[in-house]
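If you're matching positions, the sequence shown starts at 998 in the working numbering and goes up one per residue. Ideal Cβ positions, reconstructed from N, Cα and C, are used throughout, including at glycine. Quick caveat: nothing in here was measured; it's all calculated off a predicted structure.
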Amino acid sequence: MRIVLATHNEGKLKEFRAFMAPYGYEIVSLRDIGVGVVVPEEGDRFADIARQKARAIVQLVDVPVLADDSGLCVDALGGAPGVYSARYAGVGATDADNIQKLVDDVRATVGVPWDMDGERVWSRARFVCALALCTPHRCIDVVGTCDGAMTAHPRGTNGFGYDPVFYVPSLRCTCAQLTRAQKADISHRGAALRRLIARLDADAI
Ligand code: ITT
998 MRIVLATHNE GKLKEFRAFM APYGYEIVSL RDIGVGVVVP EEGDRFADIA RQKARAIVQL
1058 VDVPVLADDS GLCVDALGGA PGVYSARYAG VGATDADNIQ KLVDDVRATV GVPWDMDGER
1118 VWSRARFVCA LALCTPHRCI DVVGTCDGAM TAHPRGTNGF GYDPVFYVPS LRCTCAQLTR
1178 AQKADISHRG AALRRLIARL DADAI
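What follows is the structure, given as structure tokens:
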């Protein structure tokens, strides 16, 4: 089955392709089909924004559309950057810009990092991923989360976004030190995708 992924984020695209292929789903990107529309993100809930993205694109294509709205919620910052994760340092910010602002803000708030089982961290944190898979007639919505911490020792070159600062206590490394398959096993997106596959198995869209 073909699914259009309503994203302009190459990091997400690679993760979806790798995850969905073994289940027989072919992920087609917006770029593949020549759609350049950027859907405005309004609201303060990941799930609502995922639906907005999927619903906007499903009007333009004739296959199911999957959208992902995701982000990092840092406890010490009251859940920020949250739904503003992609543009935390401003519209058009790079991953490096966003990480720098996050480090500056958390340092200003927390002061000194603390010890979490041998890792110096600034705060507990959580990745959240909301997915909406829509046809013109209905949508399936799922959410996945991944608990961890914001490390004071960023490292790793894999993944994208905030992966170098997201410490996974159970594996004692950052998300950016994991292979794509390892990340899928523990990540917010992997958790959401497993829920989505289960829903599709039970109830074809
Ligand atoms: P699309 O809207 O086109 O899908 P986007 O990057 O703007 O792309 P979001 O609005 O959902 O997507 O913002 C998600 C941001 O959260 C993303 O840019 C990263 O900064 C961060 N993020 C989400 N998932 C992540 C992950 O698995 N690893 C690291 N950072 C992640």
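Item                                                                                                              : Value
Asn1095 Cβ short of 7 Å to ligand 1 heavy atom set                                                                : yes
Opening and closing residue of the alpha helix (DSSP H) in which Met998 lies                                      : From DSSP, Met998 is part of no alpha helix (DSSP H); its letter is neither H nor E.
Chain-ordered list of residues that sit, by beta carbon, closer than 5 Å to a heavy atom of ligand 1              : Thr1004, His1005, Asn1006, Asp1066, Ser1067, Gly1068, Ser1082, Ala1083, Gly1158, Tyr1159, Asp1160
Check whether Ala1122 and Cys1172 have beta carbons under 8 Å apart                                               : no
Burial state of Trp1119, where buried means 16 or more other Cβ atoms lie within 10 Å                             : buried
In chain order, each alpha helix (DSSP H) run of at least 4 residues that lies wholly inside the region 1005-1037 : 1007-1017
Nearest-angstrom Cα separation, counted from Ala1086 out to Lys1180                                               : 25 Å
Burial state of Tyr1159 (16 or more Cβ within 10 Å)                                                               : buried
Residue closest to Ala1053, alpha-carbon to alpha-carbon, out of Val1103, Val1162, Leu1074, Leu1130               : Leu1130
Reduced DSSP category for Tyr1081 - H, G, I as helix; E, B as strand; rest coil                                   : helix
Span of the beta strand (DSSP E) around Val1165                                                                   : 1163-1165
Element boundaries [beta strand (DSSP E), containing Gly1187]                                                     : First-last for Gly1187: 1185-1199, but that is the alpha helix (DSSP H), not the beta strand (DSSP E).
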